[in-house]
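In this note's numbering, the protein residues as written are 13 to 437.
This report concerns only the one structure given below.
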Ligand code: DOR
Ligand code: ZN
Ligand code: ZN
């Protein structure tokens, strides 16, 4: 198959190229002026109005399967992923049962292969049942294909246990991805503590609740000489902690999500439970620092923290609603609109944050359009403006604070291992 004439985002800029795909790999790339001649029986796809990115990779997704199939399943979650342009996703272990053993990890991989949309890499829990007591069976999970360890949704409260986790993880070539939240400080807070928590009367939690654990994980990584990855950074002070740690050579990497560089806590003022997320939306100062962190490389990558919920878990009083935003189908457009159109990143830098960086951090194959690489490609129309309508999501999670927002950049086609897995009708 040949995808011809797209503006291709490569390591050395954007170029009009033809891409030949054979047996799931990129077999040839040539400047569109020269053109690749179609062989007999070779299918040709006109991409001349589209921009091609290396297949997007989301290293932080909640698929809810097994156990919470009313919120999402591996089938609907991966359909949502390819519609959002993602060719590979990593799924967090807060399922039921928890991904804390090889059986659950094996199920997820097998089910993902069966539904056949995008590649799915499970992330194993750090502790058994995410209870924070005993380390889970890391070796077995690694053999079953987990690509990292995380207690996401929670922080491992016991610091010594966390240190052990980092050491064991590294023996198996895995990193810990840390959800940073000091429970005693959060103490039931549901939003950021500031002007809008006061205005609404909703219980707030302060930045330190996140920052203290970011600092702790950095201290552990520094002392032990091991890598650590910080999940969904939302505070200006957390960005600064990571920036300083990187400057002195600590092996720390970090991610953020579109909602942290697009929204502030002003979004909570109408008590819309779809604005409830953990960590919470913060202030303009934080939003601008997150953007600065993306620009200067402090924040390595963009993830969705796709957290689909059933309406029953969201359409309740704010304080009782579940935390989370359904993010797979809006991430690319929000990132393109805010960061590229906003003059923060180039297209190449966006491709790095959404594809190459997650591949580097987790050691996944992908992140580049080059001969010999798996043919994972995301094609988008960067001129198309559209309005977010959750009723059109294929994800079961319709929970988005971006409903009604007009964004630019639309995923038109997603190719995984050389097969078209999504194409807009
Ligand atoms: O908002 C969130 N939702 N944050 C988390 O850490 C967990 C996630 C979920 O699982 O719903
Ligand atoms: Zn989290
Ligand atoms: Zn998460």
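We treat Cβ as the ideally placed atom computed from N, Cα and C, and that holds for glycine.
Review point. What are the boundary residues of the beta strand (DSSP E) that includes residue 346?
Key: Taken as a continuous stretch (DSSP letters only), residue 346 belongs to no beta strand (DSSP E), being part of the alpha helix (DSSP H) at 343–347.
Point to revise | residue 280: first and last residue of the uninterrupted alpha helix (DSSP H) it sits in | key: Taken as a continuous stretch (DSSP letters only), residue 280 belongs to no alpha helix (DSSP H), as it is neither H nor E.
Practice item. Indicate the three-state DSSP secondary structure (helix, strand or coil) for residue 195 in the structure shown. Key: Three-state result, residue 195: helix.
**Study point:** Identity of the residues DSSP links to residue 102 by a beta bridge
**Key:** 133
Check your understanding: If you draw a straight line from the C-alpha of residue 13 to the C-alpha of residue 403, how long is it?
Key -> The straight-line gap from Cα to Cα measures roughly 34 Å.
Practice item. Entirely within the stretch 255–318 and at least 4 residues each: give me those alpha helix (DSSP H) ranges in chain order. Key: Correct list: 270–274 and 296–308.
Exercise for review: Identify whether residue 95 lies in helix, strand or coil by the three-state DSSP scheme.
Suggested key: helix
Exercise for review: Report the three-state DSSP secondary structure of residue 412 (helix, strand or coil).
Suggested key: coil
Exercise for review: Examine ligand 1 and report whether any of its heavy atoms sits within less than 7 Å of the Cβ of residue 273.
Suggested key: no
**Study point:** Proximity of residue 148 and residue 160 at Cβ, strictly below 8 Å
**Key:** Not closer than 8 Å, so no.
Point to revise | residue 154 in three-state terms, based on DSSP | key: helix
Check your understanding: What is the rounded straight-line gap between the Cα of residue 283 and the Cα of residue 400?
Key -> 20 Å
Check your understanding: Could you name the residues, in chain order, whose CB is less than 7 Å away from a heavy atom belonging to ligand 3?
Key -> 72, 74, 104, 164, 165, 191, 243, 244, 317 and 319
Check your understanding: Using DSSP with H/G/I as helix, E/B as strand and the rest coil, what is residue 326?
Key -> Correct three-state label for residue 326: helix.
Review point. Of the choices 179, 375 and 295, whose alpha-carbon is the least far from that of residue 234?
Key: Among 179, 375 and 295, the Cα nearest to that of residue 234 is on 179.
**Study point:** Nearest candidate by alpha-carbon position, reference residue 130, set 297, 327, 102 and 365
**Key:** Closest option to residue 130, Cα to Cα, is 102.
Practice item. List the residues that DSSP assigns as beta-bridge partners of residue 161. Key: 136 and 188
Practice item. Have a look at 385, 406, 421 and 389 and flag the residue whose alpha-carbon is nearest the alpha-carbon of residue 395. Key: 421
Check your understanding: Alpha carbon to alpha carbon, how far is residue 92 from residue 407?
Key -> Straight-line spacing of the CA atoms in residue 92 and residue 407 works out to 5 Å.
Check your understanding: With DSSP run on the structure shown, which of helix, strand or coil describes residue 110?
Key -> coil
**Study point:** residue 168 in three-state terms, based on DSSP
**Key:** coil
Point to revise | For residue 316 and residue 343, believed in contact at Cβ under 8 Å, the rounded distance | key: Rounded, the Cβ-Cβ distance is 5 Å, consistent with contact.
Review point. Is the Cβ-Cβ distance between residue 119 and residue 58 less than 8 Å?
Key: no
Practice item. Report the option in 230, 309, 207 and 319 whose CA atom is closest to the CA atom of residue 281. Key: 207
Point to revise | Nearest-angstrom beta carbon gap, residue 299 and residue 273 [assumed within contact, 8 Å] | key: 6 Å
**Study point:** Identity of the residues DSSP links to residue 241 by a beta bridge
**Key:** Its beta-bridge partners are 189 and 265.
Review point. Is it true that the stretch 44–59 meets the stretch 374–387, where meeting means three or more beta-carbon pairs spaced less than 8 Å apart?
Key: no
Exercise for review: Under 8 Å by Cβ, that's how I've got residue 169 and residue 201 pegged, so tell me the actual separation to the nearest angstrom.
Suggested key: At roughly 17 Å, the Cβ-Cβ gap does not stay under 8 Å, so residue 169 and residue 201 are not in contact.
Point to revise | Touching by the beta-carbon criterion (3+ pairs, under 8 Å), the stretch 249–267 and the stretch 222–231 | key: yes
Practice item. Run the proximity test for residue 175: is its beta-carbon closer than 7 Å to any non-hydrogen atom belonging to ligand 1? Key: no
Practice item. Determine the DSSP secondary structure at residue 375, reduced to helix, strand or coil. Key: Correct three-state label for residue 375: coil.
Check your understanding: Is the beta carbon of residue 283 within less than 7 Å of some heavy atom of ligand 1?
Key -> Outside the cutoff, so no.
Review point. Taking C-beta to C-beta, are residue 271 and residue 411 nearer than 8 Å?
Key: Against a cut-off of 8 Å, the Cβ pair of residue 411 and residue 271 comes out as no contact.
Exercise for review: Mark residue 306 as exposed unless 16 or more other C-beta atoms lie within 10 angstroms of its C-beta, in which case mark it buried.
Suggested key: buried
Check your understanding: Of all the beta strand (DSSP E) runs that stay within the bounds of the stretch 22–62, which reach a length of 3 or more residues?
Key -> Listed in chain order, they are 25–34, 37–43 and 56–58.
Review point. Any idea which residues DSSP pairs residue 216 with across the strands?
Key: 203
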